[in-house]
Every structure is written in structure tokens, then in C-alpha cells.
Amino acid sequence: MIIIQLVLLLLCPALLWSGQGMYPVPMVYQVAGSVPVTVSDNFEGDLSAWTIVRGSWDIVAGGPGDNYLSSSVSNGVISYNTSIGSINQWVLVVYKDIQYAGAYFRFTGSDTAPAYAVGAKVGSTIAWQSCTGDNCTTIDTWSHTVTPGSYIGAEIAGTDTETICRMWDFGQSPPADRDSWGIADFISTADPVEAADTGQYIGLYSGSTETELFDNFSGGGFLP
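Counting from 1, position 104 in the sequence shown corresponds to residue 103 in numbering that gives the first Met the number 0; the numbering is continuous, with no gaps.
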């Protein structure tokens with residue numbers, strides 16, 4: 000019996016033996032070249048690193064070294080051109096003046112495929128939404144007051160009904176890096192209206208016709 004188990008272990012290392020017999024052990028596989036990447040933009044240059052999916056987006060001058068990304072169209076979306084190589088995604092961005100806008104997750108490159116949005120209104124709540132095209136439905140909300148100039152972080156992990164959305168408000172003191180975010184201020188395990196399980200692009204969206212101002216965008220993927 001022991002010899003058979005050793006042979007099986009050599010042939011299939013995902014099997015281990017215990018007093019209860021052979022059983023499969025969950026393993027995490029990472030395909031070569033699929034290591035999640037990190038992207039960022041302080042909007043001091045142009046939008047060549049972005050694709051405008053919907054609406055009107057521009058960089059506006061706010062003074063030396065203090066430009067902003069601006070949108071003033073309802074249901075606008077802008078996607079960072081680089082795939083981050085993971086469906087487990089995070090975004091950190093400064094909400095300079097937000098009526099209802101925020102981070103966009105799991106964008107596939109097609110506006111007809113489901114995606115997720117985590118958006119806020121300054122002085123009001125933050126909502127996790129399921130979006131297909133310009134139609135967004137709220138999944139869950141964090142009743143939290145966002146002040147102008149705050150760094151708001153969000154991440155999406157898991158798939159289908161096991162999808163998790165986490166949110167942070169760092170105020171005007173951004174974390175040094177993604178690993179130092181700490182425990183989330185709000186965690187939602189609500190079932191998505193329509194699951195977005197495949198997109199590997201992140202970006203930003205505008206949910207109102209009033210001027211939205213973002214700054215200091217960063218985001219990427221992570222291995223859960």
C-alpha cells in the first residue's frame with residue numbers, strides 16, 4: 000500500500016496521503032508570464048496610456064504638477080491600455096470632486112460584456128455596481144462620507160456568487176503600497192446581479208453629467 004501511494008505521489012504531486020487515504024490537495028498554479036502587473040498615472044502627461052471607451056475624458060490643468068483627469072458626461076468609461084494579468088484587481092485613486100464616479104474593474108475590452116464599478120459621491124455613499132454598457136445596477140453600498148481629496152481604494156476578488164468587494168478610505172494619507180492597505184473598511188459578499196469573471200483591464204467611470212475630477216491613479220492585480 001505504501002509503495003502504491005509513493006508511486007501515485009510521484010506521478011501526481013497534487014495528491015497527498017493521510018490516515019484517511021489519498022485525497023486531492025488544492026494547489027495554486029501560476030502560468031508563466033501571467034504575473035499581475037501594476038499601472039499608474041498622475042495625469043501630468045497625456046492619455047496615450049488609456050482608451051476612451053465611452054464619453055469625453057480630458058486632462059485639465061490644476062497648477063504646476065497638479066493636473067487632473069476630468070469627465071463631464073454620464074456613464075463615461077476610460078480603460079487603462081495594459082492588461083494587469085489577473086481578475087483579482089485593485090484600484091487606488093484620489094477623488095478630487097466626485098458627484099458619482101469611481102473605479103472600473105474586469106473590463107474585457109468590450110463594452111457589451113459585464114464589468115464592475117466601485118463609485119462614490121463626495122459627502123455620500125460608496126456603491127459596488129454591476130455594469131453592462133451604460134446600464135449599472137447596485138449590488139451593495141457602504142454608507143460612508145467621502146471628503147474631497149481622499150484616496151479611495153477598492154479591490155475585487157473571486158468569481159460568480161463568491162465575488163468579494165473590499166473598500167478603503169485612506170483620507171489624504173495614501174498607503175506606501177498595496178501590501179500596506181491593511182484590513183478593509185468595508186467588505187461585501189453580496190451576490191452580483193451579473194457576474195463579471197473574465198476581464199483583465201481596469202479603469203475609471205463617470206456616472207453623472209457633472210464634472211468629475213480624479214488624480215493619482217494606480218491599480219493592478221494580485222494573487223489571492
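Just so it is clear, CB atoms sit at the ideal spot from N, CA and C, and this is done for glycine as well. Remember, predicted model here, so these are calculated numbers, not experimental data.
If distances are taken between C-alpha atoms only, which option among the options comes closest to residue i?
i	options	result
serine 71	Ser55, Val59, Ile83, Ile77	Ser55
tyrosine 99	Ile125, Pro113, Asn80	Ile125
glutamate 154	Thr50, Ile97, Ala102	Ala102
valine 52	Tyr115, Ile77, Thr111	Ile77
valine 92	Tyr115, Asp133, Gly148, Cys135	Gly148
alanine 194	Ser217, Trp127, Val59	Trp127
To the nearest angstrom, report how far apart residue i and residue j are at their CA atoms.
i	j	result
threonine 162	threonine 188	6 Å
alanine 48	glycine 202	11 Å
aspartate 159	threonine 197	10 Å
threonine 37	glycine 220	7 Å
isoleucine 138	glycine 152	18 Å
proline 113	glycine 61	34 Å
aspartate 214	valine 117	16 Å
histidine 143	serine 123	6 Å
glutamate 211	valine 145	14 Å
valine 90	aspartate 45	20 Å
alanine 175	serine 207	31 Å
threonine 107	serine 39	19 Å
glutamate 209	serine 73	8 Å
tryptophan 180	arginine 105	21 Å
serine 109	serine 69	22 Å
aspartate 57	aspartate 133	20 Å
threonine 50	asparagine 80	6 Å
Span of the beta strand (DSSP E) holding residue i?
i	result
isoleucine 155	149 to 156
tyrosine 79	75 to 79
isoleucine 163	163 to 168
serine 123	Serine 123 -> no beta strand (DSSP E), and no H or E assigned at all.
leucine 68	67 to 70
Output needed for residue i: all residues of its chain with C-beta closer than 6 Å, excluding positions within five of it in sequence on either side, in chain order.
i	result
serine 85	Pro35, Gly220
threonine 131	Pro113
proline 191	Ser129, Ile138, Thr162
serine 33	Since pLDDT at serine 33 reaches only 48, below the 50 mark, its modelled position is unreliable, and the value read off the structure follows with that caveat. Gly84.
asparagine 41	Asn215
phenylalanine 169	Tyr150
proline 173	Tyr150
Classify residue i as helix, strand or coil using the three-state DSSP reduction.
i	result
aspartate 184	coil
valine 117	strand
aspartate 110	coil
serine 55	coil
glutamate 209	coil
aspartate 45	coil
aspartate 133	coil
aspartate 176	coil
threonine 37	strand
threonine 160	helix
serine 85	coil
glutamine 29	For glutamine 29, the predicted structure reports a pLDDT of 32, less than 50, and the residue's modelled location is therefore unreliable. The matter cannot be settled from this model.
isoleucine 201	strand
serine 142	coil
methionine 21	Note on methionine 21: pLDDT 32, under 50, position unreliable in the model; the coordinate value appears next. In the structure shown, methionine 21 sits in a strand (DSSP, three-state: E or B).
With a threshold of 7 Å on Cβ separation, who are the neighbours of residue i within its own chain once the five nearest residues in sequence on each side are excluded?
i	result
alanine 119	Tyr94, Ile97, Gly101, Ile125, Val145, Ile151
alanine 183	Arg165, Met166, Trp167
alanine 156	Asn87, Ile163, Pro223
serine 82	Gln199, Tyr200
tryptophan 141	Thr124, Ile125, Met166, Phe185
Can you check whether the C-beta of residue i is within less than 8 Å of a C-beta belonging to chain D?
i	result
glycine 54	The chain inventory of the structure shown lacks chain D, comprising one protein chain alone.
So, for residue i: in the same chain, excluding its five sequence neighbours on each side, which residues have a beta-carbon less than 8 Å away from its beta-carbon?
i	result
tyrosine 204	Asn74, Gly75, Val76, Ile77, Ala100, Gly101, Ala102, Tyr103, Ala116, Gly118, Cys130
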